[in-house]
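Asker:
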Amino acid sequence: MFKRVELHNHTVESDGKMTVDELVQYFHTNKINYFSLTDHNTISGHHKLKKVIETSGLPMEYITGYELTSYYGHILCQNVTSYIPWDDIDINNADVLLERVHTAGGLVGIAHPFSVGAPISNGMQFSMKIHNHHLLDFIEIVNNAHPMIPDNHKGILWWENLLFDGYRITPVSGMDFHRPGDRSDYFTTYIEISEASEKDTLSEQFTKAVTNCKTCVTKGPIIRTNLINTMLNLELLSEKDGFSNEFECREPLYLKFKTASKQTVVTIDTRLEIDINEIISSTDSVIIIELYKDKTEWQNLIAIGAPVFL
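Per our numbering, the sequence shown runs over residues 3 to 312.
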């Protein structure tokens, strides 16, 4: 099964426009039942969120997090219950902060790595030096508050190149929610949950999905993949958890398979089976799967599936 999780959200505890209670009610109304609270440089909303969920009786689950916000970039900290100190921040060594999040039991990733705030915002773009990219659990490859060109496509390419270099980093998206608005054309993150994990907590399910790179970033169908020997089976799932647009799988839809050595484009309706020997070279170690509508240009990107590691 797949579960929609919104991973980047703010309230009046930082620079958002809604209280924690208002955020919960808004999300419930819009069928966002799984989310993370990631206010800037504070965890003050965590206890309020716990109380709201418990007293409301709403069928919602949440992840505790926060967005470490500096002049050198924004770092999303997920599954943390304590504040991560960063007074010793060093633009030349982000590893110290990434390790600190792991020590606290959390997962860590970079938010909107190539975005520049309007008209300009110091620190929106990530400029810290990462020496060990194995410390990154995820990258926010699409931030819906920023455009695909020039911002988000650079984040996607950075993530892809890191995978080609041998790192296992999970792709996610973020609403970067601050206030109500039309989000009908937004990318969302779906985590894949095994049958054995269906009764786990959301935090546990999210950890497993990130650890295994089992996410799909999409504003259309979910791309479900299954590799058996050399045969890669793909299915587009248009009925999804959450309030995002119902997507009618209709032609022309294109799948782009990317590896370190080549790119292959094929058409798809709802299902496809392909021998990976047709789309990889002997030296390739991962396949990245992108779905496009009408033509394979960044503005036509619909979804990025879970990477297939060989």
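Using N, Cα and C, we set each Cβ at its ideal position, and we do this for glycine too.
Let me confirm a value: residue 93 is counted as buried when at least 16 other C-beta atoms fall within 10 Å, else exposed. Which label applies?
Answerer: So residue 93 ends up on the exposed side.
Asker: Given residue 4, which residues of its chain have a CB within under 6 Å of its CB, disregarding the five upstream and five downstream residues?
Answerer: Correct list, in chain order: 192, 194, 224.
Asker: Counting along the chain, where does the alpha helix (DSSP H) carrying residue 104 start and finish?
Answerer: Counting along the chain, the alpha helix (DSSP H) containing residue 104 begins and ends at 97 to 105.
Asker: Over what stretch of residues does the beta strand (DSSP E) that includes residue 77 continue unbroken?
Answerer: 75 to 80 is the span of the beta strand (DSSP E), which, as asked, contains residue 77.
Asker: How is the alpha helix (DSSP H) around residue 163 delimited, first residue to last?
Answerer: Per DSSP, residue 163 belongs to the alpha helix (DSSP H) from 155 to 166.
Asker: Could you check what DSSP says for residue 42 in three-state terms: helix, strand or coil?
Answerer: If DSSP states are grouped into helix, strand and coil, residue 42 belongs with the strands.
Asker: Taking DSSP's pairing of strands, which residues face residue 295 in a bridge?
Answerer: Residue 295 pairs with 255.
Asker: In this structure, how does DSSP classify residue 86 when only helix, strand and coil are distinguished?
Answerer: Coil at residue 86, not helix or strand.
Asker: Should residue 203 be labelled buried (16 or more other beta-carbon atoms within 10 Å of its own) or exposed?
Answerer: Residue 203 is exposed by the Cβ-count criterion.
Asker: Drop a sphere of 10 angstroms on the beta-carbon of residue 246, count the other beta-carbons inside from all chains shown, and report buried for 16 or more, exposed for fewer.
Answerer: Any reading at residue 246 must be qualified, since the residue scores a pLDDT of 49, below 50, and its modelled position is unreliable; the value itself is stated next. Buried is the call here.
Asker: State the start and end residues of the unbroken beta strand (DSSP E) segment that holds residue 198.
Answerer: No beta strand (DSSP E) contains residue 198, which DSSP labels as neither H nor E.
Asker: State the Cα-Cα distance for the pair residue 126 and residue 115, rounded to the nearest angstrom.
Answerer: Spanning the two alpha carbons is a distance of roughly 8 Å.
Asker: Count the other C-beta atoms from every protein chain shown that fall within 10 angstroms of the C-beta of residue 301, then say buried if there are 16 or more, exposed otherwise.
Answerer: Exposed is the call here.
Asker: Could you round the C-beta distance between residue 261 and residue 215 to whole angstroms and report it? I think they count as a contact, below 8 Å.
Answerer: With a Cβ gap of about 16 Å, residue 261 and residue 215 do not count as contacting.
Asker: Can you round the beta-carbon distance between residue 42 and residue 63 to whole angstroms, since I take them to be within the 8 Å contact cut?
Answerer: So it is not a contact: roughly 23 Å between Cβ atoms.
Asker: Using the three-state DSSP reduction, which class does residue 246 fall into: helix, strand or coil?
Answerer: Here residue 246 scores only 49 on pLDDT, less than 50, and its place in the model should not be relied on; the value that follows carries that caveat. Residue 246 falls in the coil class under three-state DSSP.
Asker: Start and end of the beta strand (DSSP E) containing residue 113?
Answerer: Premise fails: residue 113 is in no beta strand (DSSP E) and is neither H nor E.
Asker: Is there a Cβ of chain C sitting closer than 9 Å to that of residue 277, yes or no?
Answerer: The structure shown contains no chain C; it is built from a single protein chain.
Asker: Output needed for residue 128: all residues of its chain with C-beta closer than 6 Å, excluding positions within five of it in sequence on either side, in chain order.
Answerer: Result list for residue 128: 75, 112, 115, in chain order.
Asker: What residue from 228, 38, 206 has the CA that sits closest to residue 190's CA?
Answerer: Nearest option by C-alpha distance: 38.
Asker: With distances taken Cα to Cα, identify the nearest neighbour of residue 294 among 161, 176, 220.
Answerer: The option with the nearest alpha carbon to residue 294 is 220.
Asker: So does the stretch 157 to 167 actually touch the stretch 96 to 104, counting three or more Cβ pairs closer than 8 Å?
Answerer: No contact exists between the stretch 157 to 167 and the stretch 96 to 104.
Asker: Using a 10 Å radius around the Cβ and a threshold of 16 neighbouring Cβ atoms, would you call residue 207 buried or exposed?
Answerer: That one is buried.
Asker: Which residues does DSSP list as the beta-bridge partners of residue 176?
Answerer: 145.
Asker: With a CB to CB cut of under 6 Å and the five nearest residues on each side skipped, what residues in its chain are close to residue 234?
Answerer: These residues qualify, in order along the chain: 276, 278.
Asker: What are the boundary residues of the beta strand (DSSP E) that residue 305 is part of?
Answerer: Residues 303 to 306.
Asker: For residue 104, count the other beta carbons within 10 Å of its own beta carbon; 16 or more makes it buried, fewer makes it exposed. Which is it?
Answerer: It is exposed - the Cβ of residue 104 has fewer than 16 other Cβ atoms within 10 Å.
Asker: Among 292, 8, 146, 46, which one has its Cα closest to the Cα of residue 226?
Answerer: Checked all of 292, 8, 146, 46; the closest Cα to residue 226 is 292.
Asker: Return the CA-CA distance between residue 168 and residue 96, expressed in angstroms with no decimal places.
Answerer: Cα to Cα, residue 168 sits roughly 20 Å from residue 96.
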